[in-house]
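Note sheet for the following structure.
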Amino acid sequence: MKDLLVMKFGGTSVGSAERMRTAATLSAAQKRKRPVVIVVSAMSGVTDLLIETTKHAEGGDDAGRKSNLRKLEERHVQACEELLPAAKRKPVLGGIRELVGEFDRITHGMLMLEDRPPRSVDEAIAIGERLSALIIAAYLNAQGTKAEAVNAAEVIVTDAVFGSASPLMEQTTARARKLIAPLIRAGVLPVVTGFNGATADGRPTTLGRGGSDFSASILAAALGARELWIWTDVDGIMTADPRLVPEARVLEEVTYREAAELAYNGAKVLHPRTLAPLVERRIPVWSKNSFAPEKPGTKIVSRIRSSNGARAVTSLGKVAMVSLEPAQATLNGTHVMARALGALARANVEVLSLSSSSYRQSFCFLVRSEEKERAVEAMESALALELAHGYLRPIDVDEQVGLLAVVGEGMQGTPGLAGRIFTAISRERINIIAIAQGSSELTIAIVVRREGLEAAVRAVHAECAMGK
Ligand code: ADP
Ligand code: ASP
Ligand code: MG
234 MKDLLVMKFG GTSVGSAERM RTAATLSAAQ KRKRPVVIVV SAMSGVTDLL
284 IETTKHAEGG DDAGRKSNLR KLEERHVQAC EELLPAAKRK PVLGGIRELV
334 GEFDRITHGM LMLEDRPPRS VDEAIAIGER LSALIIAAYL NAQGTKAEAV
384 NAAEVIVTDA VFGSASPLME QTTARARKLI APLIRAGVLP VVTGFNGATA
434 DGRPTTLGRG GSDFSASILA AALGARELWI WTDVDGIMTA DPRLVPEARV
484 LEEVTYREAA ELAYNGAKVL HPRTLAPLVE RRIPVWSKNS FAPEKPGTKI
534 VSRIRSSNGA RAVTSLGKVA MVSLEPAQAT LNGTHVMARA LGALARANVE
584 VLSLSSSSYR QSFCFLVRSE EKERAVEAME SALALELAHG YLRPIDVDEQ
634 VGLLAVVGEG MQGTPGLAGR IFTAISRERI NIIAIAQGSS ELTIAIVVRR
684 EGLEAAVRAV HAECAMGK
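In this text, residue positions in the sequence shown follow the numbering used here: the first is 234, and each later residue adds one.
Following this line, the structure appears as structure tokens:
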């Protein structure tokens with residue numbers, strides 16, 4: 234669809250009746266010019282509330298579960314009442330009660346089972362997005378913009394990795410053409426839920442926390458959109474997280490590769506997998522602030538005019554360093570590493586960075602904290618014999634570490650940059666534990682002691698004059 238604009242509104246951009254009004258106004262204004270599809274997140278905080286409720290249910294805390302159900306209903310009923318005239322509320326209030334009832338039924342099942350099966354969790358937590366899509370579509374209609382809420386479970390076909398599913402693009406494209414394209418042709422604005430999908434045989438899935446960005450890029454690719462706009466609560470992609478570095482500045486343009494490196498290394502402003510579906514089709518992305526829509530935002534494209542040195546710095550605090558070391562020199566370190574990595578791959582653990590020493594045959598790697606247990610279990614079972622016989626030292630896990638990444642297409646051509654970055658960090662008396670330049674010349678990843686992470690980010694930002 235040549236002229237199609239896909240826009241995604243994040244949690245804060247639909248976090249209240251007021252914010253939904255703005256999102257609807259921005260959508261209606263674009264729709265007057267060209268075909269538009271919007272993808273919406275749950276209202277801010279709702280996904281956390283839903284997840285907490287499933288935990289109450291699993292733990293047998295029915296009072297906690299019910300209190301959250303009330304909060305869920307109240308928040309959406311209030312938004313509905315603030316947005317819609319009394320005469321138009323009834324079907325929407327009915328829809329809200331139905332969805333809250335569905336959530337009640339699923340979490341009641343968890344309470345009975347004293348368990349939270351991943352596929353039920355996915356079915357349950359996607360209800361946040363279904364609630365916001367319902368309300369926003371109703372509001373658009375009430376304002377005279379023809380709109381229809383669409384549950385992405387009907388459109389985005391995924392594998393069965395619950396909690397972190399991947400799209401099957403061919404099937405998704407076919408569904409998008411069948412279900413969404415006709416709405417657009419009929420002049421209707423589809424309001425699609427972010428975050429969720431379903432397997433080909435209809436089991437509900439989610440794409441991982443923050444996954445609505447990814448939903449929007451999947452749909453933009455499937456529908457052959459001209460552009461994707463991601464509306465959030467900051468002015469665009471910045472040289473650092475503004476919550477950590479007050480001097481951080483908005484970048485006018487970044488490349489797909491830079492944006493992907495930033496996202497994978499902790500820049501929450503984009504879900505790490507967002508850009509993958511767009512790169513090949515060269516669909517440009519804008520990151521924009523729904524609180525200041527007049528500002529230009531950041532454009533993400535294949536190539537940019539010039540890129541000097543280090544452009545942005547990100548960090549990940551919730552990581553763990555896992556180390557493996559042979560107790561005997563006779564053990565072949567490369568074989569151990571191969572088997573350990575094979576086990577991690579089968580357990581679906583993402584290795585964030587890795588370094589090894591050929592002399593001591595040892596190696597260590599970084600994983601996200603939430604994947605740490607899975608990583609250790611997988612390795613312990615793959616290397617059970619070596620561990621039991623003492624050929625390998627017990628697997629060591631250090632959680633007092635953090636990852637910092639410096640990113641920029643032009644870093645390779647800037648001599649002495651790595652040295653300056655390390656010096657800036659050391660000057661703050663922060664210990665550098667590991668360094669990985671990786672094969673992508675545009676990122677230097679540095680593992681430091683956790684307590685020094687924020688200071689290291691600020692030191693690098695200042696040293697590279699990113700704020701200027
Ligand atoms: P949304 O709910 O719209 O998806 P998120 O909270 O997921 O928004 O992402 C936006 C947040 O990302 C910002 O409020 C900001 O604090 C954080 N952030 C982290 N790193 C960066 C960065 N480099 N540039 C901009 N924002 C960043
Ligand atoms: N609501 C989901 C979350 O909070 C998805 C998203 O907002 O992107 O993770
Ligand atoms: Mg987000």
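From the three backbone atoms N, C-alpha and C, an ideal C-beta is built for every residue, glycine too.
| request: State the start and end residues of the unbroken beta strand (DSSP E) segment that holds A688. | output: Numbered from its first residue, the sequence shown carries residue 688 at position 455. Unbroken run through A688 is the alpha helix (DSSP H), L686 to E696; no beta strand (DSSP E).
| task | Check whether the Cβ of G441 sits closer than 7 Å to any heavy atom of ligand 3, and report yes or no. | result | In the sequence shown, residue 441 corresponds to position 208, counting from 1. For ligand 3, not one heavy atom lies less than 7 Å from the Cβ of G441.
| said: With distance defined between alpha-carbon atoms, name the residue in S249, K266 and D629 nearest to V310. | reply: Start at 1 with the first residue of the sequence shown, and residue 310 comes out as number 77. Nearest of S249, K266 and D629 to V310, Cα basis: S249.
| query | If you compare alpha carbons, which of N541, S448 and L511 is closest to V424? | reply | The count along the sequence shown starts at 1 and reaches residue 424 at position 191. That would be S448, whose Cα lies nearest to the Cα of V424.
| request: Apply the 10 Å Cβ neighbour rule to N565 and answer buried if 16 or more other Cβ atoms are within range, or exposed otherwise. | output: Indexing the sequence shown from 1 puts residue 565 at position 332. By the neighbour-count rule (16 or more Cβ atoms within 10 Å), N565 is not buried but exposed.
| task | Flag D466 as yes when its Cβ comes closer than 7 Å to any non-hydrogen atom of ligand 1, and as no otherwise. | result | Numbered from 1 along the sequence shown, position 233 holds the residue referred to as residue 466. True, at least one ligand heavy atom lies under 7 Å from that Cβ.
| task | Check G643 in the structure and name its three-state DSSP category. | result | The residue labelled residue 643 in the question sits at position 410 within the sequence shown. Here G643 sits in strand by DSSP.
| task | Count the other CB atoms, across all protein chains shown, that sit within 10 Å of the CB of L283; report buried if there are 16 or more and exposed otherwise. | result | Within the sequence shown, residue 283 is the residue found at index 50, counting from 1. By the neighbour-count rule (16 or more Cβ atoms within 10 Å), L283 is buried.
| From which residue to which residue does the alpha helix (DSSP H) around R653 run? | As a first step, residue 653 is located in the sequence shown; it is residue number 420 there, counting from the start. Its alpha helix (DSSP H) spans residues L650 to R660.
| What did DSSP end up calling E674 once you bin it into helix, strand or coil? | Walking along the sequence shown from the start, residue 674 turns up at place 441. In the structure shown, E674 sits in coil (DSSP, three-state: anything other than H, G, I, E or B).
| query | My guess is that I470 and L511 are in contact by the Cβ rule of under 8 Å, so how many angstroms apart are they, rounded? | reply | Along the sequence shown, one-based indexing puts residue 470 at 237. Along the sequence shown, one-based indexing puts residue 511 at 278. Not really, about 15 Å apart at Cβ, beyond 8 Å.
| said: Measuring CB atoms only, is the segment 256 to 274 touching the segment 297 to 310, in the sense that at least three cross pairs come out at less than 8 Å? | reply: no
| task | Whole angstroms is fine: what's the gap from S588's alpha carbon to A669's? | result | Start at 1 with the first residue of the sequence shown, and residue 588 comes out as number 355. Start at 1 with the first residue of the sequence shown, and residue 669 comes out as number 436. Between S588 and A669, the C-alpha separation is close to 7 Å.
| task | Taking only heavy atoms of ligand 3 into account, decide whether any of them is closer than 7 Å to the Cβ of R243. | result | Along the sequence shown, one-based indexing puts residue 243 at 10. Sequence check: residue 243 is Gly here, not Arg. Correct: G243 has its Cβ closer than 7 Å to ligand 3.
| Is F447 helix, strand or coil when you go by DSSP? | One-based indexing of the sequence shown puts residue 447 at position 214. Helix, per DSSP.
| Start and end residues, beta strand (DSSP E) containing I533 | Numbered from 1 along the sequence shown, position 300 holds the residue referred to as residue 533. Unbroken beta strand (DSSP E) run through I533: T531 to V534.
| Can we count T547 as close to ligand 1, meaning its CB is less than 7 Å from some heavy atom? | Locating residue 547 in the sequence shown gives position 314, counting from the first residue. Under cutoff, so the answer is yes.
| task | For chain C, find out if any of its Cβ atoms is closer than 8 Å to the Cβ of I665; answer yes or no. | result | Absent from the structure is chain C; it holds one protein chain and no more.
| message | Using only CA atoms, which one of K521, V534, I677 and E251 lies nearest to C313? | response | For the purposes of this step, residue 313 is taken as residue 80 along the sequence shown, with counting starting at 1. Checked all of K521, V534, I677 and E251; the closest Cα to C313 is E251.
| field | Distance, L416 Cα to E381 Cα | value | Counting from 1 along the sequence shown, the entry for residue 381 is found at position 148. Counting from 1 along the sequence shown, the entry for residue 416 is found at position 183. Taking the straight line joining both Cα atoms gives about 8 Å.
| task | Have a look at the DSSP bridge pairing and note the partners of C597. | result | Taking the first residue of the sequence shown as position 1, residue 597 is located at position 364. For C597, which the question treats as bridged, DSSP gives the partners S556 and S588.
| field | Close-in-space but distant-in-sequence residues of the same chain around A702 (CB under 6 Å, 5 per side omitted) | value | A query on residue 702 cannot be resolved here, the shown segment of the chain reaching from 234 to 701 and no further.
| query | Grouping DSSP H, G and I as helix and E and B as strand, with all else coil, what is E485? | reply | As a first step, residue 485 is located in the sequence shown; it is residue number 252 there, counting from the start. In the structure shown, E485 sits in coil (DSSP, three-state: anything other than H, G, I, E or B).
| request: Tell me whether the beta-carbon of G439 lies closer than 8 Å to the beta-carbon of D355. | output: Reading the sequence shown from its first residue, position 206 is the one you call residue 439. Reading the sequence shown from its first residue, position 122 is the one you call residue 355. The amino acid at residue 439 is misidentified as Gly; the sequence shows Thr. Cβ distance < 8 Å, so T439 and D355 count as in contact.
| Given 8 Å, three or more beta-carbon pairs between the segment 545 to 558 and the segment 634 to 649 | yes
| Near M276, what residues of its chain come up, given a Cβ to Cβ distance below 8 Å and the 5 sequence neighbours on each side ignored? | Here residue 276 corresponds to residue number 43 of the sequence shown, with the count starting at 1. Only G244, V247, G248, S249, R308, H309, A312, G361, L364 and S365 meet the Cβ criterion.
| field | Alpha carbon of A290 to alpha carbon of Q633, nearest angstrom | value | Here the question's residue 290 lines up with position 57 in the sequence shown. Here the question's residue 633 lines up with position 400 in the sequence shown. Going by the C-alpha atoms only, they are around 32 Å apart.
| message | Within a Cβ cutoff of 6 Å, which residues of the same chain sit near R691, ignoring the five residues on either side of it in sequence? | response | Locating residue 691 in the sequence shown gives position 458, counting from the first residue. Result list for R691: V478, in chain order.
| What are the partner residues of V502, as DSSP defines its beta bridges? | Residue mapping note: residue 502 aligns to position 269 of the sequence shown, counting from 1. Answer is none; V502 lacks a bridge partner.
| field | D446: CB within 7 Å of a non-hydrogen atom of ligand 3 | value | Locating residue 446 in the sequence shown gives position 213, counting from the first residue. Result yes, Cβ under 7 Å from ligand 3.
| query | Skipping 5 residues on each side, what residues in its chain have a beta carbon closer than 8 Å to that of D236? | reply | Sequence index remark: in the sequence shown, residue 236 carries index 3 (1-based). Answer for D236: R267, P268 and R459, listed in chain order.
| query | For the beta strand (DSSP E) that contains P437, what are its first and last residues? | reply | On the sequence shown, position 204 is the one that residue 437 refers to. P437 to T439 is the span of the beta strand (DSSP E), which, as asked, contains P437.
| said: Residues in the same chain with beta-carbon distance under 6 Å from G444, minus the five sequence neighbours each way, listed in chain order, please. | reply: Here residue 444 refers to the residue found at position 211 of the sequence shown. F428 and H504.
| field | Minimum length 4: unbroken alpha helix (DSSP H) runs contained in the segment 342 to 376 | value | 351 to 358 and 360 to 375
| T507 burial status per 10 Å Cβ neighbour count (16 or more: buried) | Counted from its first residue, the sequence shown places residue 507 at position 274. Label assigned to T507: buried.
| task | Check whether the Cβ of T405 sits closer than 7 Å to any heavy atom of ligand 2, and report yes or no. | result | Counting from 1 along the sequence shown, the entry for residue 405 is found at position 172. No; taking the cut-off as 7 Å, the Cβ of T405 has no heavy atom of ligand 2 nearer than that.
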